[in-house]
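Structure first, commentary second.
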Amino acid sequence: MTPRSQIAENFNINPRQAAALKKLGLKTIEDLLFYFPTRYESFSERKNIVSLAEGDKTTVFGEVLEANIGKTWKKKMAISEISIGDNTGILKAVWFHQPYMAKIITIGDKIALTGKVSNGKGGLYMSNPSFEKITSYEALGEGAAILPVYPETYGITSRWLRFVIQKSLIAAKDIADPIPPEILKKYKLPSLKSALIYIQKPNKLKDAEAARKRFAFEEVFFIQMARLKQRQERQADHCLKLNCPPEELNEFVTSFPFQLTEAQKKAVAAIQADVRKEFPMSRLLEGDVGSGKTAVAIAATFMAVSSGYQVAYMAPTEILAAQHFSSFIEYFSQLKFRPKIGLLTSSDCRKYPSKVNPQEATKISKAQLLKWVENGEIPILIGTHALIEDKVKFCGKDGSSLALVIIDEQHRFGTAQRSSLAKDKSGKTPHLLSMTATPIPRTLALTIYGDLDLTLLDQLPEGRKPVITKIFQPEERESAYATIRSEIETGRQAYIICPRVDEPDPEKEMAILAKSVKEEAKRLKEKIFPEFEIDILHGKMLPKEKEEALLKFKENKSKILVATSVIEVGINVPNATIILIEGAERFGLAQLHQLRGRVIRGRHQPYCLVFAESRSQKTMERLKAFISAKNGFELAEYDLAIRGSGELGGGKQWGISDLGMEALKNLKMVEAARTEAQKIIANDPKLKNFPMLLKKIEASKRLHFE
Numbered sequence: 075m076t077p078r079s080q081i082a083e084n085f086n087i088n089p090r091q092a093a094a095l096k097k098l099g100l101k102t103i104e105d106l107l108f109y110f111p112t113r114y115e116s117f118s119e120r121k122n123i124v125s126l127a128e129g130d131k132t133t134v135f136g137e138v139l140e141a142n143i144g145k146t147w148k149k150k151m152a153i154s155e156i157s158i159g160d161n162t163g164i165l166k167a168v169w170f171h172q173p174y175m176a177k178i179i180t181i182g183d184k185i186a187l188t189g190k191v192s193n194g195k196g197g198l199y200m201s202n203p204s205f206e207k208i209t210s211y212e213a214l215g216e217g218a219a220i221l222p223v224y225p226e227t228y229g230i231t232s233r234w235l236r237f238v239i240q241k242s243l244i245a246a247k248d249i250a251d252p253i254p255p256e257i258l259k260k261y262k263l264p265s266l267k268s269a270l271i272y273i274q275k276p277n278k279l280k281d282a283e284a285a286r287k288r289f290a291f292e293e294v295f296f297i298q299m300a301r302l303k304q305r306q307e308r309q310a311d312h313c314l315k316l317n318c319p320p321e322e323l324n325e326f327v328t329s330f331p332f333q334l335t336e337a338q339k340k341a342v343a344a345i346q347a348d349v350r351k352e353f354p355m356s357r358l359l360e361g362d363v364g365s366g367k368t369a370v371a372i373a374a375t376f377m378a379v380s381s382g383y384q385v386a387y388m389a390p391t392e393i394l395a396a397q398h399f400s401s402f403i404e405y406f407s408q409l410k411f412r413p414k415i416g417l418l419t420s421s422d423c424r425k426y427p428s429k430v431n432p433q434e435a436t437k438i439s440k441a442q443l444l445k446w447v448e449n450g451e452i453p454i455l456i457g458t459h460a461l462i463e464d465k466v467k468f469c470g471k472d473g474s475s476l477a478l479v480i481i482d483e484q485h486r487f488g489t490a491q492r493s494s495l496a497k498d499k500s501g502k503t504p505h506l507l508s509m510t511a512t513p514i515p516r517t518l519a520l521t522i523y524g525d526l527d528l529t530l531l532d533q534l535p536e537g538r539k540p541v542i543t544k545i546f547q548p549e550e551r552e553s554a555y556a557t558i559r560s561e562i563e564t565g566r567q568a569y570i571i572c573p574r575v576d577e578p579d580p581e582k583e584m585a586i587l588a589k590s591v592k593e594e595a596k597r598l599k600e601k602i603f604p605e606f607e608i609d610i611l612h613g614k615m616l617p618k619e620k621e622e623a624l625l626k627f628k629e630n631k632s633k634i635l636v637a638t639s640v641i642e643v644g645i646n647v648p649n650a651t652i653i654l655i656e657g658a659e660r661f662g663l664a665q666l667h668q669l670r671g672r673v674i675r676g677r678h679q680p681y682c683l684v685f686a687e688s689r690s691q692k693t694m695e696r697l698k699a700f701i702s703a704k705n706g707f708e709l710a711e712y713d714l715a716i717r718g719s720g721e722l723g724g725g726k727q728w729g730i731s732d733l734g735m736e737a738l739k740n741l742k743m744v745e746a747a748r749t750e751a752q753k754i755i756a757n758d759p760k761l762k763n764f765p766m767l768l769k770k771i772e773a774s775k776r777l778h779f780e
């Protein structure tokens, strides 16, 4: 048996198991060894049935003595009921709404039940416990103190996985350890062979914890190495220096209708220093909602345009691209040389200024727009992912070329999409300014954005007031509507956010509670706010319909905009001061924070009213954190601490495993991994002395960079 040999070559696999292994992505023995348990059942913590008491949360091992399907007396609810014995007593277990359980578990099975012990008329029992079939050997607790429990799928059980994985551990010795031994020794981490044994067949929970620590460090370390190597390669590229005179930049910035915050000034200065260097800028501008990232991006654009070069600005949605197009026109129309600005999305092409009216933009054909971009007549091109199409070519005949790429809400694009803009057709590498309004925990920023310099905008523009946020009970709905009416009567406008576009399937009980944009707008117009103009906005609308709805709202022709979370990024209507969010538990914390940010665009007092369908403890804890957090950065750290992968960081979004996300709770571990990665890259940038490390980094790049 070798790490690269096929599972089917070493174990008898039936067709159902083969399909399950394929679904789990397990082909080789090495795949099995790196398929880690999600938890462990400890024999040392198990209780004999005779010693159980009401309220105990524990695991019980025993043999199934009875297994029956029945119905409750009152509601005729289908139930499965079993009895297990362990030579000290008998315990019942009941599953509601799960009649199939009595078919899966049969008399004579050895089983482990995990759950809370309750007391009923028939004595002690467990309600809806988790269960696992085990061997007689395991039931006695012989030979192993800890029982690994794995993620399962149809056709594959934890019991079967335990058997094949523990048989496969013999091959662990043949897998080379990619982490240098001096790093393992320095941080007291087990070798790869030991870690695989500790995590798959631990004698003590401490062994499993040591193994998890090693693999968590390893994942973060590899990502750091890949990012730093990418950064070093980028710094070897040629770029266009932007020698914008400081006095011209200062004159442009002082023409803004507001004063830059100190944080914005620092960001502009950092960018100005970057674009004068020999290698291309790679900077992430991270700012909380309403902190003024667009103003910084416009200043950076001026640096490129005034130096005679082109700029590409990529936004994640057509709505946001169109809004930025309008913002850029507003700022650049004040200049004497007034640069031409283009908008390119899948459904819209425009140019500013129009030949007919120099104060306005005009629609043009895509072919004409691309021609002007290619010959350099349009130095600023704003758009969506349409910018990365092969037909879009910069570097005009007059010497213009793409000098700066700005990517807004950059985490919404894949790395392949981002990098496709990062190479100019002339062979030069443009300066890169990435921006995000999604607050990122420090450990995640150090790991995922290790190839970028980080700038924080941690100040709001002067005059902005903090949002007053309140959770409303269902019976307080009229009070919430009265608050909205009061704001509108003073001249302001309101957003009402719903989780759905259309009414849900009435046969799905859990979906009935979720409000939809279309039906809620109709109800509000007919029964609550007949005196106000109400419009809707959602992702299924045509681009023209979205544009019309937004324009009406911006011009204060409609007073209430009922929308989905499509408005969460970038919508800027300073007169909108109040937002009501329905079904708040259906949105992530990042979404809630972004939605709340829609009402802090002006100088009036903003309000956020929150309704939740669920009143569970988990929901209320999240909403209380949402209310109490002073800013998005604080909320991000809270979410990482409470939920591991988190909604703001999003483990799946970044391609990090649950184990890796656990590492991100540990700042010291992340900083240690970064320090070691920096040392290696500095001394051996090509990794000639670390072939195994290079191989793992390339694999890490494919996983985390695509």
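Those letters in the sequence shown? Residues 75 to 780, per the working numbering, in order.
Beta carbons: idealized from backbone N, C-alpha and C, even for Gly.
Where N161 sits in the DSSP three-state scheme: Correct three-state label for N161: coil.
Residue span of the alpha helix (DSSP H) that contains S632, given as start and end: No alpha helix (DSSP H) holds S632; DSSP gives it neither H nor E.
Where P173 falls: helix, strand or coil (DSSP): Three-state DSSP puts P173 in coil, outside helix and strand.
Contact under 7 Å by Cβ, K633 with F606: For K633 and F606, yes; Cβs fall inside 7 Å.
Secondary structure of S380, DSSP reduced to three states: S380: coil per DSSP, three-state reduction.
Whole-Å CB distance - R739 paired with L709, under 8 Å assumed: Here residue 739 turns out to be Lys, not Arg, going by the sequence shown. Cβ atoms of K739 and L709 stay farther apart than 8 Å, at about 16 Å.
Where K145 sits in the DSSP three-state scheme: Correct three-state label for K145: strand.
For E659, the first and last residue of its enclosing beta strand (DSSP E): Per DSSP, E659 belongs to no beta strand (DSSP E) and is neither H nor E.
Through-space distance from L258 to P222, alpha-carbon basis: Distance between the alpha carbons of P222 and L258: 25 Å.
Reduced DSSP secondary structure (H/G/I, E/B, other) of Y426: Here Y426 sits in strand by DSSP.
Host beta strand (DSSP E) of K101 (start-end): Counting along the chain, K101 falls outside any beta strand (DSSP E), and DSSP gives it neither H nor E.
Under 7 Å between C-beta atoms of E656 and K589: Cβ distance < 7 Å, so E656 and K589 count as in contact.
Three-state class that DSSP yields for H312 in the structure shown: Looking at H312 - three-state DSSP - the assignment turns out to be coil, as it is neither helix nor strand.
First through last residue of the alpha helix (DSSP H) which encompasses V447: It spans 440–448 - the alpha helix (DSSP H) in which V447 sits, taken as one unbroken run.
For R288, the three-state DSSP class (helix, strand or coil): R288 sits in a helix when the DSSP states are folded into three classes.
Beta-carbon contacts of M75 that lie in its chain and below 7 Å, excluding the five residues immediately before and after: Within the same chain, Cβ atoms closer than 7 Å to the Cβ of M75 are found at N84, I103, S242, I244, A245, the five residues on either side in sequence being excluded.
Completely contained beta strand (DSSP E) runs for the segment 656–697, where each covers 3 or more residues: With a minimum length of 3 residues, the continuous beta strand (DSSP E) runs that stay inside the segment 656–697 are 681–685.
Euclidean distance between Cα positions of I18 and Y228: In the structure as shown, the chain starts at 75 and stops at 780, and residue 18 therefore has no counterpart that could be examined.
Cα-Cα separation between E360 and S232, rounded to whole angstroms: In a straight line, the C-alpha of E360 is about 43 Å away from that of S232.
Uninterrupted beta strand (DSSP E) stretches inside the segment 316–370 (no shorter than 3 residues): List check, beta strand (DSSP E) in window: 356–361.
Close Cβ partners of I771 (< 8 Å) along its chain, the five nearest in sequence each way excluded: Excluding positions up to five away in sequence, the list reads F296, M299, A300, K303, L761.
Beta-carbon proximity list for A460, same chain, < 6 Å, skipping 5 on both sides: For A460, same chain residues with a beta-carbon under 6 Å away, outside a window of 5 residues either side, are L418, T419, S420 in chain order.
In DSSP terms, what N193 is bridged to: Answer is L198.
Buried/exposed call for M766, threshold 16 Cβ in 10 Å: Exposed is the call here.
Reference F110, options T391, A290, D422, closest by Cα: It is A290 whose Cα lies nearest to the Cα of F110.
DSSP bridge partner residues for Q80 (one or two, in chain order): Its beta-bridge partners are T102.
DSSP three-state assignment for S590, whether helix, strand or coil: In the three-state DSSP reduction, S590 falls in the strand class (E or B).
Option nearest I249 by Cα separation, candidates T133, L270, V684: Among T133, L270, V684, the Cα nearest to that of I249 belongs to L270.
Of the listed residues S154, E140, I253, A186, nearest to F764 (C-alpha basis): Checking every option, the nearest Cα to that of F764 belongs to I253.
Spatial distance of G565 from K601 (CA atoms): One C-alpha to the other measures close to 21 Å.
Selection from A477, K275, L507, T391 that minimises the alpha carbon distance to G613: Scanning A477, K275, L507, T391 for the CA closest to the CA of G613 turns up T391.
Buried or exposed by the 16-neighbour rule on C-beta atoms within 10 Å, applied to Y174: Of the residues assessed, Y174 falls on the exposed side of the cut-off, its CB having fewer than 16 other CB atoms within 10 angstroms.
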